[in-house]
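Per my numbering, residue 92 is the first one in the sequence shown, and the count goes up by one each step.
In this text, a Cβ means the ideal position worked out from N, Cα and C, and glycines have one as well.
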Amino acid sequence: MLSRKIGTVQEIKKETKEIQELIVVIEGKESKAINYIPLSGKVVAGDELLLNTTAVELDLGTGGYHFVISKLKDNEGSQGKDGHMIKLRYTPLQLKVNMAEEDPKYEEVFNNFEGLEEIPVVCGNLHSMLSPFAASLKYLREDVKIVYIMTDGAALPLWFSNTVRELKEKNILDSVITVGNAFGGDLECMNIYTGLIAAKEILKADVVFVGMGPGIAGTGTKYGFSGIEQVNIIDSVQKLGGTPIVIPRVSFADKRERHYGISHHSLTVLGELSNSGCVVPVTDEYSPEKMDKISNQISEHDIDVKHDMVIVNGAEKTTKEALDKYGLKVSTMGRGIEEEPEFFYTAVASAIFVSDIVEEKKPY
């Protein structure tokens, strides 16, 4: 059952077209809350709200936010007439979207599609990989068109991502497609296959980044994590004729043994479950001890047998220059680049690799 409480809007801290960040009072105590305007309508100070308080009560990584279900008064609304496909199906929050696949002007695009023609499709299993990757690639190739496909492996509303908002405002990220039950993108698509087709044929992407929104679900068990979606993504890219490139999740700051060096998430996907081969760029800009750890993990899990490992130089320099140019601050799991440099350098290694492909204008 949902944890629900009644709260009153005390202050609107921030507002965009799609989202309001609120201070609400619940039982005399102040709390933070998120209101998605397209779902619940705009609220003002003094409004009484029905709030979903589940995540905060469980101490999940949502930034300590409650989420608005509805206003208690004047809460009627309409989504208009466009579209008839539903996301969040058969839930109280199901919403209508205009899927690209149902738009008559795109019918031939999907039905006549022949292939991705080996364009690079980069797969990341954490949302925090998107900013360093996209910023570094745009820094290296200013004219490259980057399309992000957000899956439904974590946050479902695109509007929750401050990262995407900032990257689009700074013209780093060109367009976003939301697939599955994720929603709020420039285009909505049914699944990863049609999302990839739309990225290439409709949005004319030079490079595609595929990954979940903010947050990742993990149980601590071998297969019980939402990042396992990478297996399907790699296969989808390969089957449609793209070049799948995977950013391995690397950390030497995470205190959990299963995430030390190359995370067990990446080892499981790349070493055991993936059916298709892919390119896995890494940088050699680690200490010898850390490089030994990574090399041993790669060998132990036969990742270098199943996939094409590529060593990339210059990740540290490119990361710092790109983040400085665009004025970006990055973090992952609450740790910044000073605490977790290897994580970000690994993401940027893929950007450098992709930059070379784009420059040469030929498949890898």
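Check                                                                                                                                                                            : Outcome
Kindly indicate the opening and closing residues of the alpha helix (DSSP H) around residue 382.                                                                                 : 379–391
Drop a sphere of 10 angstroms on the beta-carbon of residue 246, count the other beta-carbons inside from all chains shown, and report buried for 16 or more, exposed for fewer. : buried
Please list the segments of the beta strand (DSSP E) lying wholly inside the segment 121–188, counting only runs of 3 or more residues, in order along the chain.                : 139–143, 156–162, 176–178, 186–188
So residue 283 packs on residue 265, CB below 8 Å; how close in whole Å?                                                                                                         : About 19 Å separates the two Cβ atoms, so there is no contact after all.
Can a CB atom of chain D be found closer than 8 Å to the CB of residue 233?                                                                                                      : As a matter of chain content, chain D is missing from the structure shown, which is built from one protein chain.
Count the other CB atoms within 10 Å of the CB of residue 223; is the residue buried (16 or more) or exposed (fewer)?                                                            : buried
How about the segment 281–300 and the segment 199–218: do they share at least three Cβ pairs that are nearer than 8 Å?                                                           : yes
Shortest alpha-carbon distance to residue 167 belongs to which of 440, 432, 133?                                                                                                 : 133
Under the three-state reduction of DSSP, which class applies to residue 220: helix, strand or coil?                                                                              : helix
Residue 324: which of 280, 405, 242 sits nearest, CA to CA?                                                                                                                      : 242
Count the other CB atoms within 10 Å of the CB of residue 185; is the residue buried (16 or more) or exposed (fewer)?                                                            : exposed
What is the DSSP secondary structure of residue 268, counted as helix, strand or coil?                                                                                           : strand
So, is residue 138 buried or exposed, given that buried needs 16 or more other C-beta atoms within 10 angstroms?                                                                 : buried
Would residue 180 be called buried (16 or more neighbouring beta carbons within 10 Å of its own) or exposed?                                                                     : exposed
Which two residues bound the contiguous beta strand (DSSP E) that contains residue 95?                                                                                           : 95–106
If you count every other CB in all the chains shown that lies within 10 Å of the CB of residue 377, and 16 or more means buried, which is it?                                    : buried
Could you check if residue 390 is buried or exposed, using at least 16 other CB atoms within 10 Å of its CB as the buried criterion?                                             : exposed
Leaving out five residues on either side along the sequence, give the residues of the same chain with a beta carbon under 6 Å from the beta carbon of residue 136.               : 100
Give the single residue among 399, 229, 290 whose Cα lies nearest to the Cα of residue 446.                                                                                      : 229
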